[in-house]
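See structure below.
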Amino acid sequence: MAKFDDSFDPELGAACNRLAAFVEPLPEGVLIDASSQLTERDLALILRRLYDTRHAEQADSHPDEVATVRVGRASIPITASRTTR
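Numbering-wise (my numbering), the sequence shown opens with residue 664 and increments by one.
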């Protein structure tokens with residue numbers, strides 16, 4: 664399984680590495696918890712998805728680095744209601 668050493672969150676990366684070390688030697692599809700029906704496949708899937716998104720939070724945490732297009736706005740919020748007399 665891939666290593667999470669380049670994760671945006673070193674603590675989460677280390678925990679994922681420990682979980683991967685636990686999951687790797689398990690036989691495929693083995694039941695880990697009978698009451699929840701958690702299997703080795705579930706943990707492997709979770710780890711794969713976490714690996715795919717290990718940089719996502721880092722990108723989301725710096726919105727000022729993303730170029731934004733300013734849209735002209737009225738001086739009064741659009742949601743304000745007008746009163747009639």
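All residues carry an ideal CB built from backbone N, CA and C; glycine is no exception. Bear in mind the structure is a predicted one, so any value in this text is a computation, not a measurement.
Please go through the same chain and pick out, in chain order, the residues whose beta-carbon is closer than 6 Å to the beta-carbon of residue i, but skip the five residues on each side of it.
i    : result
R704 : G692
L706 : V686
Does residue i come out as helix, strand or coil in the three-state DSSP assignment?
i    : result
D715 : helix
A665 : coil
L710 : helix
Could you pull the start and end residues of the beta strand (DSSP E) that residue i belongs to?
i    : result
L694 : 694-696
Under DSSP, the alpha helix (DSSP H) around residue i begins and ends at which residues?
i    : result
L675 : 673-686
Who does residue i pair with in a DSSP beta bridge?
i    : result
L701 : D696
If I measure Cβ to Cβ from residue i and keep anything under 8 Å in the same chain, skipping five residues before and after, which residues do I get?
i    : result
T702 : G692, V693, L694, I695
A719 : F671
Give a single yes or no on whether residue i has its beta carbon closer than 7 Å to a heavy atom of the ligand GDP.
i    : result
P688 : The ligand content of the structure shown is nil, which means the ligand GDP is not present either.
Suppose you measure from the CA of residue i to the CA of residue j; what does that come to, to the nearest Å?
i    : j    : result
A683 : S698 : 22 Å
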